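Before any comments, here is the structure.
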Amino acid sequence: MILRLNTDIAAGTVGLVFAAVLWLPREEIGRLSIIFPRAILVLLCLIAIALIVKGVIRPGGRQVEITGSPRRLFTVIAGFFLWWGLVEVLGFLVTTLVAFFALTWYLARVETRVTWQRLLIWTPVILGLVIVFYLTFKEVLNVRLPTGLFF
Numbered sequence: 001m002i003l004r005l006n007t008d009i010a011a012g013t014v015g016l017v018f019a020a021v022l023w024l025p026r027e028e029i030g031r032l033s034i035i036f037p038r039a040i041l042v043l044l045c046l047i048a049i050a051l052i053v054k055g056v057i058r059p060g061g062r063q064v065e066i067t068g069s070p071r072r073l074f075t076v077i078a079g080f081f082l083w084w085g086l087v088e089v090l091g092f093l094v095t096t097l098v099a100f101f102a103l104t105w106y107l108a109r110v111e112t113r114v115t116w117q118r119l120l121i122w123t124p125v126i127l128g129l130v131i132v133f134y135l136t137f138k139e140v141l142n143v144r145l146p147t148g149l150f151f
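Sequential numbering from 1 applies to the sequence shown in full-length UniProt numbering.
Have a look at this one:
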């Protein structure tokens, strides 16, 4: 499908909606823990507003070609919502590991047949990514991650 679209206004609008969704539940976070996320949200809003202003002042309509399977896109989106819902129940580490393995398998099977041997080869990379995310949020950014039933 090919769309003619002012991508600056579209991206700015998506950025503002995304920032608004992240801004609403901020009361649950402690005063010191909110400093970094608030700075990122303010920066996101400024960039989004600049994109909208640029799109209005000097519109640049572009052709956007959407390729791929809409079913696959909505399946991945549903998977992220499922991860978001289960992270409080099972904990960040377990849920994220399962989600990364499922996402890797689901997206890789489009190109080739995925065997257990191939998933075992990808295991160190997936474990490394999840551990880096965990340590970055837990130790560097000092964000309290959900522990759930397991970790």
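The beta-carbon is built from N, C-alpha and C at its ideal position, and this holds for glycine as well. Just so you know, these numbers come straight off a predicted model, no measurement behind them.
Proximity winner among the options, relative to residue i (alpha-carbon distances)
i: I131; options: L119, I121, L145 and L120; result: L145
i: T7; options: P37, L46, V42 and E65; result: E65
i: L16; options: A48, V87 and I9; result: A48
i: T95; options: T67, L127, V14 and A20; result: L127
i: P124; options: W84, L141, V21 and F100; result: F100
i: R71; options: V110, L46, L119 and L120; result: V110
i: L44; options: T13, F74, G79 and L5; result: T13
i: I57; options: W83, I9, V98 and F18; result: I9
Buried versus exposed call for residue i [16 or more other C-beta atoms within 10 Å across all chains shown]
i: F81; result: exposed
i: F92; result: buried
i: L90; result: buried
i: G55; result: buried
i: L97; result: buried
i: A19; result: buried
Cβ shell of residue i (< 6 Å), same chain only, five flanking positions each side left out
i: V114; result: W105 and A108
i: A11; result: L51
Own chain, CB closer than 8 Å to residue i, minus 5 neighbours either side, in chain order
i: W23; result: L41
i: E88; result: P146 and G148
Run of the alpha helix (DSSP H) containing residue i, from where it starts to where it stops
i: residue 158; result: In the structure as shown, the chain begins at 1 and stops at 151. Residue 158 is therefore absent and cannot be evaluated.
i: R58; result: No alpha helix (DSSP H) holds R58; DSSP gives it neither H nor E.
i: P124; result: W116 to L135
Sequence-distant residues of its chain with Cβ nearer than 7 Å to residue i (five each side left out)
i: W122; result: T104
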